[in-house]
Ligand code: DAT
Ligand code: MG
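Residue numbers (the numbering used here): 115 to 253.
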């Protein structure tokens, strides 16, 4: 299997609930190598750019508002098969549909506020890591 990069974001609801450590622990126990992490607050413009693929969808404005509502923690991760394995670890977008034991099932309130982001393809994993981290920050 190929070593891939994927981007996690501990979303503003994760930070508000004080679950950063809990979620990071599950990520590390899952075998993901942390290449870099930081805490920042996205502006609405930055959140809109990150989720540009969803522009025009009915949930887009709420998503941008939520993602810029407080600090978040982007984390660059590396692992064999990282993209698919991370999505397995976090579970389905809607916590109601997420498998038992997944991060979203355990901690998320609803589909809009679902604790954690994960990239959806190896290509987007690389692009999304580069959105937040320069190559020299990936240590
Ligand atoms: P995922 O984050 O599982 O990759 P996505 O890329 O389809 O899901 O959507 C990005 C985020 O947008 C998702 O984490 C939460 C929000 N979202 C998606 N669909 C939604 C909906 N129907 N209602 C409210 N928020 C939604
Ligand atoms: Mg997605």
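Ideal Cβ placement from N, Cα and C applies to all residues, glycine included.
In this structure, the ligand DAT has no non-hydrogen atom nearer than 8 Å to the beta-carbon of residue 170. With 16 or more neighbouring CB atoms inside 10 Å of its own CB, residue 228 falls in the buried class.
Contact annotation: residue 137 and residue 190 have beta-carbon atoms that are not nearer than 9 Å. Under the three-state reduction of DSSP output, residue 120 falls in the strand class. Using a Cβ-Cβ distance cut-off of 8 Å, the stretch 241-250 and the stretch 116-130 are in contact, since at least three pairs of beta carbons, one from each stretch, lie closer than that value. Beta-bridge partners assigned by DSSP to residue 236: none are found. Taking the Cα positions, residue 220 is about 28 Å away from residue 166.
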